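Q: Residue numbering for the sequence shown is -19 to 57, as defined by our numbering.
A virtual CB, placed ideally from N, CA and C, is assigned to each residue, including glycine.
Nothing here was measured: the structure is a model prediction, and the numbers come from that model.
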Amino acid sequence: MIKIYLTPACPYCSTLKEFFKEHNIKFKEIDVSQDEKAKEEMLAKSGQMHVPVVEIDKEIITGFDKEKICKLLNIKE
-19 MIKIYLTPAC
-9 PYCSTLKEFF
1 KEHNIKFKEI
11 DVSQDEKAKE
21 EMLAKSGQMH
31 VPVVEIDKEI
41 ITGFDKEKIC
51 KLLNIKE
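#1: Applying the 10 Å Cβ sphere with the 16-neighbour rule, what's the burial state of TYR(-15)?
#2: Indicate whether the contact test is met: 3 or more Cβ pairs, each with one atom in the stretch 23 to 31 and one in the stretch 45 to 56, closer than 8 Å.
#3: For LYS8, which residues of its own chain have a beta-carbon under 8 Å away from its beta-carbon, when the five flanking residues on both sides are left out?
#4: Closer than 8 Å is the cut-off here; do at least three beta carbon pairs connect the stretch -10 to 3 with the stretch 29 to 47?
#5: For VAL34, which residues in the same chain have their Cβ closer than 6 Å to its Cβ, ignoring the five residues on either side in sequence?
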């Protein structure tokens, strides 16, 4: 399962969600602005407080690193 730790005001988060939708990739959104436990989980996994943080098969990606996401998901751009 793919998880995206995000906030509603984050423009990179919106771009990332659109990218996944364009490629028909299912994901779970986790709003760390509303969920303190999720924010702590994100920090523990990534060591980062900025969003988005993406988890793909236990691999953590900070920011919208399109190249790395495409590589992990075998997306040809």
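A: If we stick to the structure as given:
#1: Classification of TYR(-15): buried, given that the 10 Å Cβ count is 16 or more.
#2: Below 8 Å, too few C-beta pairs join the stretch 23 to 31 and the stretch 45 to 56 to call them touching: fewer than three.
#3: MET(-19), ILE(-18), LYS(-17), ILE(-16)
#4: yes
#5: Hits under 6 Å: ILE(-16), ILE41.
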